Amino acid sequence: MKTSQTVDLVFAGRYRLIKKLGEGAFGSVWQAEQRAFGIPFRTVALKKFETPLRSGMQVRQVFADALSLIRLLDACEDPLVKARFVQVYDVGSVIFETQQETPLEQGYITMEIMEKTLRAVIGETGEPGFRKCTVKETLDYLTPVVEALAYMHGQNPPMLHRDLKPANILLKEGKQKLQVKVADFGLATQNFHLVERPQAAGTWPYQDLECFTTEYASTESDVYSVGVMFYELLTGNYPYNIDFTTLNPRDPMSRKLLADKVKRAMDIAVIPPSKYNIELKANENRWLEDLIMKCLARERIERIMDAAELKRNLDGQSVVEKSRTPEEEYKYRLTKGKTAQYKGKMHWPEAEEEYRRAIRVISRACDAVAQLADLWIEQGRLDEAEKLLTDRLSKELKECSHVYLKLSDLYSARGNKTMAEFYRDKSRTLPACEYSIFRSKFK
10 MKTSQTVDLV FAGRYRLIKK LGEGAFGSVW QAEQRAFGIP FRTVALKKFE TPLRSGMQVR
70 QVFADALSLI RLLDACEDPL VKARFVQVYD VGSVIFETQQ ETPLEQGYIT MEIMEKTLRA
130 VIGETGEPGF RKCTVKETLD YLTPVVEALA YMHGQNPPML HRDLKPANIL LKEGKQKLQV
190 KVADFGLATQ NFHLVERPQA AGTWPYQDLE CFTTEYASTE SDVYSVGVMF YELLTGNYPY
250 NIDFTTLNPR DPMSRKLLAD KVKRAMDIAV IPPSKYNIEL KANENRWLED LIMKCLARER
310 IERIMDAAEL KRNLDGQSVV EKSRTPEEEY KYRLTKGKTA QYKGKMHWPE AEEEYRRAIR
370 VISRACDAVA QLADLWIEQG RLDEAEKLLT DRLSKELKEC SHVYLKLSDL YSARGNKTMA
430 EFYRDKSRTL PACEYSIFRS KFK
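To convert, note that position 291 of the sequence shown is 300 in the working numbering; the numbers rise steadily by one, no gaps.
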């Protein structure tokens, strides 16, 4: 982060810019003095965007941070929860003249000013001078973060942060104790399970494996980010040994290389944090190590479900797992398989394994059987697909529209139009399939 000397400029007619706090691709952040009738009344952080606002889409992108936070807190009735988030004071724009006919607007946001980031306190992970934290310090820093995240995940649908990291945890010394607040909601989004899945985003060391393989985020991926921060603060290391420095996050090939690196790294078990921090070996702290390892589980289905569950475990200083139902695991495996299948040939072995695992979880459900047959038809493994489907019919001794539809696809691939149409007609005559895991009456 670059800094500059103190300046004395007036912006938007009511903000006196005092000092540049930092800058990046979006623009710059300033310490500013807000005035009313020429009288200063509070110090703020002013985020000034360098890109002119030319369209409604740009306005939404520029103000995503502030608008997400405003919407989130408007509905919050708990002052203690509100105190876990940085307060937004003002959102606006300044019109300036150009040589073009149409004047341009420059957007800005003013927010509560904090003293420092958690990153500034601990230093760069893996670098000389990193300040490893005690168990008490770590809990003091991150428990408020979990409380804020629990409120986000408790929305309907859940709101995801997607970029939790020490640089987005802001600190300020209060009158009685340290104030810890969550910031940077530019990537925050709501998780509409039935419409679309939020795309994975954020900073690489804090993203879980499935952010790279499935490319969508979830409440479990936010929990993973918190787990990385716990591990990082207590040990001075990241849980996985991955070199992120040579890869460009905007390059699809880099993302592919990184996904491969992450897979290889995650095949190696995480070294328990007590290996690096003797405090965690004490009996009274064993629960925290167990909790961190649960946050860092390789697969989301094995991880703590959301921040509300994580908060309950922190409050109770224990690890009490909320068990997943077979139906939840089945849907999880099915979704992972579909995502891998649609990503192309290189991911087909992964898709097949996920479908097989789903079938092992609930053999009577037809969705994974039909999807595995679909994959084999796409691969040209028609005999295997036919055996899978006909075995399914003979074992269940009942009709299934999903299986009939895949048999129709199979015979189409063989060029047998008569049989293809026969099975397609049979699938159309049946009511909603009672063997689908998504059917409300599935048993």
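All C-beta atoms in this analysis are idealised placements derived from N, C-alpha and C, irrespective of residue type, glycine included.
Note that the structure is a prediction, hence the values are computed from the model and not measured.
How would you label residue i, buried or exposed, when you count the other beta carbons within 10 angstroms and need 16 or more for buried?
{"i": "V191", "result": "buried"}
{"i": "V19", "result": "exposed"}
{"i": "T198", "result": "With a pLDDT of 47 at T198, under the threshold of 50, the predicted position of this residue should be treated as unreliable, and no value is reported."}
{"i": "R373", "result": "exposed"}
{"i": "S77", "result": "buried"}
{"i": "K56", "result": "buried"}
{"i": "F72", "result": "buried"}
{"i": "R309", "result": "buried"}
{"i": "K145", "result": "exposed"}
{"i": "I371", "result": "buried"}
{"i": "L416", "result": "buried"}
{"i": "F239", "result": "buried"}
{"i": "V204", "result": "Any answer about V204 is weak, because its pLDDT of 36 lies below 50 and its placement is not dependable; what the coordinates show is given next. Flag for V204 reads exposed."}
{"i": "T438", "result": "exposed"}
{"i": "F6", "result": "The requested residue 6 does not occur in the structure, where the chain is confined to residues 10 to 452."}
{"i": "D193", "result": "buried"}
{"i": "V95", "result": "buried"}
{"i": "V97", "result": "buried"}
{"i": "V378", "result": "buried"}
{"i": "K426", "result": "exposed"}
{"i": "K184", "result": "exposed"}
{"i": "R93", "result": "buried"}
Beta carbon of residue i, beta carbon of residue j: below 8 Å?
{"i": "V412", "j": "R401", "result": "yes"}
{"i": "L30", "j": "Q40", "result": "yes"}
{"i": "G245", "j": "T134", "result": "yes"}
{"i": "P153", "j": "V189", "result": "yes"}
{"i": "A157", "j": "A317", "result": "no"}
{"i": "H356", "j": "A367", "result": "no"}
{"i": "L173", "j": "D231", "result": "yes"}
{"i": "C304", "j": "Y233", "result": "yes"}
{"i": "V445", "j": "D376", "result": "Sequence check: residue 445 is Ser here, not Val. Closer than 8 Å, so yes."}
{"i": "F58", "j": "G36", "result": "yes"}
{"i": "C442", "j": "R448", "result": "yes"}
{"i": "R128", "j": "P175", "result": "yes"}
{"i": "F221", "j": "L169", "result": "no"}
{"i": "E361", "j": "K345", "result": "no"}
{"i": "V103", "j": "Y117", "result": "yes"}
{"i": "V100", "j": "A84", "result": "no"}
{"i": "M161", "j": "L81", "result": "yes"}
{"i": "N226", "j": "R171", "result": "Correcting the residue type first, residue 226 is Ala in the shown sequence and not Asn. A contact, by the Cβ cut-off of 8 Å."}
{"i": "S410", "j": "S436", "result": "yes"}
{"i": "M123", "j": "L180", "result": "yes"}
In terms of alpha-carbon separation, which member of the options lies closest to residue i?
{"i": "Y420", "options": "E395, L439, K404, T52", "result": "E395"}
{"i": "E121", "options": "V38, H162, M168", "result": "V38"}
{"i": "K272", "options": "W296, Y240, T223, D299", "result": "T223"}
{"i": "F105", "options": "R390, D392, Y98, Q115", "result": "Q115"}
{"i": "K265", "options": "Y285, L218, L319, T334", "result": "L218"}
{"i": "S327", "options": "R171, R295, L343, R25", "result": "R295"}
{"i": "E293", "options": "G325, L381, L343, R25", "result": "G325"}
{"i": "P282", "options": "K270, E298, W213", "result": "E298"}
{"i": "W385", "options": "S403, R369, K404, R365", "result": "R365"}
{"i": "G47", "options": "E32, R25, T60", "result": "R25"}
{"i": "K320", "options": "E32, G163, M123, E86", "result": "G163"}
{"i": "L414", "options": "E311, F431, N286", "result": "F431"}
{"i": "P440", "options": "D87, R333, E408, A429", "result": "E408"}
{"i": "K270", "options": "A306, W213, R312", "result": "W213"}
{"i": "E336", "options": "V329, A291, Y351, R369", "result": "R369"}
Please report the Cβ distance between residue i and residue j, rounded to the nearest whole angstrom; I am assuming they are in contact, meaning their Cβ atoms lie under 8 Å.
{"i": "T147", "j": "L242", "result": "5 Å"}
{"i": "V155", "j": "L323", "result": "6 Å"}
{"i": "G236", "j": "I301", "result": "6 Å"}
{"i": "D453", "j": "T228", "result": "The structure shown has nothing for residue 453, since the chain only spans 10 to 452."}
{"i": "T119", "j": "A45", "result": "Their Cβ separation, rounded to whole angstroms, is 13 Å, which puts T119 and A45 out of contact at 8 Å."}
{"i": "K347", "j": "Q380", "result": "6 Å"}
### Message
Quick check: the stretch 274-285 against the stretch 240-252, are at least 3 beta-carbon pairs closer than 8 Å?
### Response
Yes, since at least three Cβ pairs between the stretch 240-252 and the stretch 274-285 fall closer than 8 Å, the two stretches touch.
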